[in-house]
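Residue numbers (the numbering used here): 299 to 375.
Backbone N, C-alpha and C define an ideal beta-carbon position, used for all residues, glycine too.
Please read all numbers here as calculations on a predicted model, not as lab measurements.
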Amino acid sequence: MPEPSAMRCSKCGDPLWLHRVYLTDLMFDRDSNPITVSDIEEDEEWDYEEVVCHGCNHKPTYRWEETGLGHIVIVTE
């Protein structure tokens, strides 16, 4: 079986990343130190999602596809 490899950016060749953003309020303790955000539940809905290249900030279009074994991201640019 072949080794998995990173999907590359069509603009610069760097690896693409899938980001899921969970918007939550940041809290401070009595001494104004940030309180660590607890782990996000596995089934919790995210507020925003994108595929992005950290090298050149390119954000290609993408879609999700069901494979029968799970879901995969398909870059459609």
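Bridge partners of residue 307 according to DSSP: none are assigned.
By the C-beta density criterion, residue 319 is exposed, having fewer than 16 other C-beta atoms within 10 angstroms. For residue 320, there is no enclosing beta strand (DSSP E), as DSSP marks it with neither H nor E. Shown here, residue 352 sits in coil according to DSSP, grouped into three states, outside any helix or strand. Looking at the DSSP output, residue 315 shares a beta bridge with 350. Three or more beta-carbon pairs drawn from the region 303-319 and the region 344-352 are found closer than 8 Å, and the two stretches are therefore classed as touching. In the DSSP assignment, residue 332 is bridged to 326.
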